[in-house]
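Encoded as structure tokens, the structure appears first; notes follow it.
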Amino acid sequence: MIRVCFLFNHYFVHQVPHAAPYAFELSRKYPEIDVTIACSSTQEMAFVKAISTLYPGHRCRYKLLYVPWYYSLIDPLVSKWVFSRKRIVLKNNLSFFRQMDALVAPERNCMQLRTRFGLKDLIMIHARHGAGDREGGFDDRSGAFDLTLLPGQKYVDRLKELGYLKKGGYAVVGWPKFEVVQGLWPEKKRIFDDQKPVVVYNPHFDQRVSSWASMGLQVLDFFKNHPEYNLIFAPHVVLFKRRRRHRARLPRRYFKINNIHIDLGSPASADMTYMRAADIYLGDVSSQVYEFLLEPRPCIFLNGHHVDWHDNPFYYHWNLGQVVDQVEPGLEQALNQAFSTHKGLYLDLQKEAFDYTFFNEPGTTAAERGARAIAEFLLNRLRMKAFNPSSA
1 MIRVCFLFNH YFVHQVPHAA PYAFELSRKY PEIDVTIACS STQEMAFVKA
51 ISTLYPGHRC RYKLLYVPWY YSLIDPLVSK WVFSRKRIVL KNNLSFFRQM
101 DALVAPERNC MQLRTRFGLK DLIMIHARHG AGDREGGFDD RSGAFDLTLL
151 PGQKYVDRLK ELGYLKKGGY AVVGWPKFEV VQGLWPEKKR IFDDQKPVVV
201 YNPHFDQRVS SWASMGLQVL DFFKNHPEYN LIFAPHVVLF KRRRRHRARL
251 PRRYFKINNI HIDLGSPASA DMTYMRAADI YLGDVSSQVY EFLLEPRPCI
301 FLNGHHVDWH DNPFYYHWNL GQVVDQVEPG LEQALNQAFS THKGLYLDLQ
351 KEAFDYTFFN EPGTTAAERG ARAIAEFLLN RLRMKAFNPS SA
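Taking our numbering, the leading residue of the sequence shown gets 1, the next gets one more, and so forth.
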């Protein structure tokens with residue numbers, strides 16, 4: 001048996017739907033592969049098990065990873081600055097990881113198992129958990145894995161141009177999160193009881209490119225003073241989880257405004273509840289804009305750093321809606337024009353960008369394609385090793 005671990009090692013559940021479907025399909029379709037799903041939190045495990053209901057007949061095992069009791073005590077304070085917990089989890093579960101032939105993870109921190117902790121023979125497979133354009137999503141760690149599962153052609157082109165893809169080291173499979181969302185929650189959730197337009201504001205945590213520090217409170221004040229709109233404030237979950245580092249302060253007065261719904265990190269921030277409920281997207285560089293475009297709708301982008309973004313691939317998505325340099329008067333003008341300009345100026349561009357970002361193949365799912373890519377890669381690797389042990 002080939003032993004494969006799917007690792008989810010975060011504070012929050014947002015990475016789970018980007019890889020768990022591959023695990024379940026792998027165990028259903030490839031009996032020669034033994035799959036264990038390992039989580040570092042009960043929240044992640046609960047989401048994994050909810051997703052499992054979409055894949056009857058799977059054979060996956062579950063493991064809750066060990067976290068030292070002392071770190072659980074200090075972590076609530078430390079995590080406001082940095083996520084040391086990820087490394088602590090890896091270090092304290094090395095005996096488990098040594099039992100595995102391969103590890104699949106939707107983040108890049110796990111590469112420490114090879115670089116820091118010496119598991120040189122562990123095959124490392126990366127399943128991306130973001131499909132955006134932000135520069136931080138493209139670095140040399142993207143080429144460090146033995147196999148990378150990519151959502152679409154956009155990532156092939158970008159990573160090849162940067163020299164981070166190697167022949168035989170990637171597969172384009174699509175976006176399994178869509179299958180999870182549509183399978184578990186086929187009906188959209190209404191957040192407000194009235195019929196006013198709903199805007200979702202989704203600032204990123206990376207303050208080098210985020211609109212939060214320079215514009216965030218101005219945006220909330222704008223909607224406080226414009227009750228003709230409803231606002232969902234749903235930032236990237238890391239923004240307030242690591243609030244000391246990212247200077248994320250939210251005065252209590254904003255929690256009492258009838259037309260503003262605030263969510264600083266519930267599961268609804270990760271399961272596309274808000275992306276599906278809104279009529280207009282308002283943000284900066286978050287990859288969630290592409291999930292919003294599963295159903296094309298108006299987008300507005302906040303240029304909080306006055307970036308010269310034209311022809312910059314890291315701001316490619318800013319071509320898909322209006323770009324605002326100042327909240328006053330720019331945001332009101334953009335909202336007034338949002339629906340009238342959408343069809344004529346942005347709809348076709350949004351559809352093109354969505355197809356460029358997410359591969360789709362009728363007759364198969366992203367989970368099936370990802371599982372097939374993983375299985376074929378592992379079986380080929382083991383055949384090479386059997387033929388020439390020194391080559392693997």
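Beta carbons: idealized from backbone N, C-alpha and C, even for Gly.
Range covered by the alpha helix (DSSP H) that runs through Q333 = As a working mapping, residue 333 is identified with position 333 in the sequence shown. Its alpha helix (DSSP H) spans residues 330-341.
Measuring CA to CA, which of D34, M275, K224 is closest to A102?
-> Here the question's residue 102 lines up with position 102 in the sequence shown. Of D34, M275, K224, the residue nearest in Cα terms is D34.
In angstroms with no decimal places, state the Cα-to-Cα distance between Y316 and D133.
-> Here residue 316 refers to the residue found at position 316 of the sequence shown. Here residue 133 refers to the residue found at position 133 of the sequence shown. The alpha-carbon atoms of Y316 and D133 are separated by roughly 6 angstroms.
Assign S269 to one of two classes, buried (16 or more other C-beta atoms within 10 Å of its C-beta) or exposed (fewer than that).
-> Here residue 269 corresponds to residue number 269 of the sequence shown, with the count starting at 1. Per the 10 Å Cβ criterion, buried.
How about I123 and D140: do their beta carbons lie closer than 8 angstroms?
-> Counting from one through the sequence shown, the residue named residue 123 turns up at place 123. Counting from one through the sequence shown, the residue named residue 140 turns up at place 140. Between I123 and D140, the gap from beta carbon to beta carbon reaches 8 angstroms or more.
Rounded to a whole number of angstroms, what is the C-alpha to C-alpha distance between H407 and L119?
-> Residue coverage of the chain in this structure runs from 1 to 392, which leaves residue 407 outside it and unanswerable.
Should P176 and P21 be called a contact, given that it needs their Cβ atoms to be closer than 8 angstroms?
-> Taking the first residue of the sequence shown as 1, we reach residue 176 at position 176. Taking the first residue of the sequence shown as 1, we reach residue 21 at position 21. A contact, by the Cβ cut-off of 8 angstroms.
Any idea if E179 is buried or exposed, counting beta-carbon neighbours within 10 angstroms, 16 or more meaning buried?
-> Working through the sequence shown from its first residue, we reach residue 179 at position 179. Result: buried.
Inter-residue Cα distance where the pair is F223 and P186 | Taking the sequence shown and counting its residues from 1, one reaches residue 223 at position 223. Taking the sequence shown and counting its residues from 1, one reaches residue 186 at position 186. Distance between F223 and P186, taken at the CA atoms: about 30 angstroms.
Is the Cβ-Cβ distance between P227 and W212 less than 8 angstroms?
-> Working through the sequence shown from its first residue, we reach residue 227 at position 227. Working through the sequence shown from its first residue, we reach residue 212 at position 212. Their beta carbons are not under 8 angstroms apart, which means P227 does not touch W212 by this criterion.
Where does G283 fall in DSSP's three states?
-> One-based indexing of the sequence shown puts residue 283 at position 283. If DSSP states are grouped into helix, strand and coil, G283 belongs with the strands.
Under the assumption that M215 contacts G304 (Cβ atoms under 8 angstroms), give the Cβ distance between them as a whole number of angstroms.
-> Within the sequence shown, the letter at position 215 stands for residue 215. Within the sequence shown, the letter at position 304 stands for residue 304. The pair is a contact, with the Cβ atoms about 5 angstroms apart (cut-off 8 angstroms).
Cα-Cα, which of V4, N336, A353 is closest to A23?
-> For the purposes of this step, residue 23 is taken as residue 23 along the sequence shown, with counting starting at 1. It is V4.
Could you tell me whether the region 4-14 touches the region 33-52, where touching means 3 or more Cβ pairs closer than 8 angstroms?
-> yes
Under 8 angstroms by Cβ, that's how I've got L149 and A127 pegged, so tell me the actual separation to the nearest angstrom.
-> Residue numbering aside, residue 149 sits at position 149 when the sequence shown is read from its first letter. Residue numbering aside, residue 127 sits at position 127 when the sequence shown is read from its first letter. Indeed, because the Cβ distance is near 5 angstroms, the residues count as touching under 8 angstroms.
With a Cβ-Cβ cutoff of 8 angstroms, do Y229 and V199 count as a contact?
-> Residue 229 sits at position 229 when you count from the first residue of the sequence shown. Residue 199 sits at position 199 when you count from the first residue of the sequence shown. Yes. Within cutoff.
Just confirm the distance between the C-beta atoms of L378 and A353, as a whole number of angstroms; I'd bet it's less than 8 angstroms.
-> In the sequence shown, residue 378 corresponds to position 378, counting from 1. In the sequence shown, residue 353 corresponds to position 353, counting from 1. Their Cβ separation, rounded to whole angstroms, is 33 angstroms, which puts L378 and A353 out of contact at 8 angstroms.
Identify, in the order they occur along the chain, each residue of the same chain with its Cβ nearer than 6 angstroms to the Cβ of N9, setting aside the five sequence neighbours on each side.
-> Sequence index remark: in the sequence shown, residue 9 carries index 9 (1-based). S40, K86, V89.
What number of angstroms, rounded off, separates the C-alpha of Q99 from the C-alpha of L302?
-> Reading the sequence shown from its first residue, position 99 is the one you call residue 99. Reading the sequence shown from its first residue, position 302 is the one you call residue 302. So the alpha carbons of these two residues sit roughly 47 angstroms apart.
What separation, rounded to the nearest whole angstrom, lies between the Cα atoms of L403 and S27?
-> The question about residue 403 has no answer here: the residues shown for the chain are numbered 1 through 392.
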